[in-house]
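Comments concern the structure below.
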Amino acid sequence: MDVISTVHFGKQYENAFWDPEKLQMVFGDGGEFLNNFVGCIDVIGHELSHAVTSNTSPLDYYGQAGALNEHISDVFGIMVKQQVQDEKSPVADWLIGEDCILPDVKGTALRSMKEPGTAYDDPIFGKDPQVAHMKQFKTTFEDNGGVHIFSGIPNRAFYLASNAFGGYSWEKAGKIWWAAMRSGKIEPKCTFKQFADVTIDCAKELFDDKTAKVIKKAWTDVGVLDDVGTESTPGNWCGVL
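Below is the structure:
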């Protein structure tokens, strides 16, 4: 299978994306704050995973479904990076796009799956807007309903599960997430709660009840589920891009 990519896109374009119409990845050269997109294996994995999502469980690119779309790309992007670097979950940095941030920017990466909202805080570039818990969730029209903002919630859940298992992220958590995406149960407008329930079911099917409890605890810790497995009530909004 050929993987087609376009580089040098635009003029000082500080981003990369998957083009679903032309079926190719597109990379800008960067500008004042970001560059080196083609040199970041996690960014490449992230963009290519958008194509995988569209061919397994096409998620609408808006609201919680859109945030899950971004989350899945971060999950597979980070697993690619960790596999290349031979990093186990407890010692990995869980940073997405750390090699894209230019030296003058006060930050370490584009996103942190371990601590969403802490990747950068620069007086000009701005502050990382991601959130890590459902109490910080609120419906917004910004960023397609906050797809890059609220993806921090499932991102942290995946980190928590992987870290609890120990070992490599793709050995258990990654297999469970991949099974969820291929389960046929992920609807286009899937919510965090619905996705969490599918991952718990997949954990039971692939492994055992003990594994499923680890997954459930991860989703509970980020407020998607409460202690009895129901959806938590979102809190007040803390800011937008």
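For the sequence shown, the numbering used here begins at -18 and goes up steadily by one.
By construction, the Cβ of each residue, glycine as well, lies at the ideal position given by its N, Cα and C atoms.
Whose C-beta lies closer than 8 Å to the C-beta of residue i among residues of the same chain, with five residues either side of it excluded?
{"i": "Glu152", "result": "Phe146"}
On the DSSP letters alone, give me the boundaries of the beta strand (DSSP E) that residue i sits inside.
{"i": "His114", "result": "First-last for His114: undefined, no H or E at that position."}
{"i": "Phe8", "result": "Gln5 to Gly9"}
{"i": "Ser54", "result": "First-last for Ser54: Gly44 to Val65, but that is the alpha helix (DSSP H), not the beta strand (DSSP E)."}
{"i": "Asp0", "result": "Ala(-3) to Asp0"}
Measuring straight from C-alpha to C-alpha, what distance separates residue i and residue j?
{"i": "His114", "j": "Val19", "result": "31 Å"}
{"i": "Leu40", "j": "Ile53", "result": "10 Å"}
{"i": "Asp(-17)", "j": "Leu4", "result": "10 Å"}
{"i": "Glu2", "j": "Ser35", "result": "12 Å"}
{"i": "Ile77", "j": "Tyr140", "result": "12 Å"}
{"i": "Val179", "j": "His129", "result": "22 Å"}
{"i": "Lys198", "j": "Ala142", "result": "8 Å"}
{"i": "Ser(-14)", "j": "Glu51", "result": "20 Å"}
{"i": "Asn(-4)", "j": "Thr192", "result": "37 Å"}
{"i": "Trp218", "j": "Ile134", "result": "The predicted position of Trp218 is uncertain, since its pLDDT is 31 and thus under 50; no value can be drawn from it."}
Terminal residues of the continuous alpha helix (DSSP H) containing residue i?
{"i": "Thr192", "result": "Asp190 to Asp202"}
{"i": "Trp158", "result": "Ala154 to Met162"}
{"i": "Phe139", "result": "Gly133 to Phe146"}
Looking only at its chain, what residues have a beta carbon closer than 7 Å to the beta carbon of residue i, apart from the 5 residues adjacent to it on each side?
{"i": "Val86", "result": "Phe14, Tyr101, Asp103 and Phe106"}
{"i": "Asp55", "result": "His27, Ile77, Arg92, Met94, Ser132 and Asn136"}
Can you name, in chain order, every residue of its own chain whose Cβ lies under 6 Å from the Cβ of residue i, other than the five neighbours on each side?
{"i": "Ala239", "result": "The question about residue 239 has no answer, for the chain in this structure spans -18 to 222."}
Which of the three DSSP states, helix, strand or coil, is assigned to residue i?
{"i": "His31", "result": "helix"}
{"i": "Leu187", "result": "helix"}
{"i": "Val72", "result": "helix"}
{"i": "Thr172", "result": "coil"}
{"i": "Gly98", "result": "coil"}
{"i": "Ile(-15)", "result": "coil"}
{"i": "Phe18", "result": "helix"}
{"i": "Trp218", "result": "Reliability fails at Trp218, whose pLDDT of 31 lies under 50, so the model's placement of it is uncertain and no value is given."}
{"i": "Ile105", "result": "coil"}
State yes or no: is the beta carbon of residue i nearer than 8 Å to at least one beta carbon in chain B?
{"i": "Pro97", "result": "Chain labels in this structure do not include chain B; a single protein chain is all it has."}
message: Would you call the region 67 to 86 in contact with the region 161 to 178, where contact means no fewer than 3 C-beta pairs closer than 8 Å?
response: no
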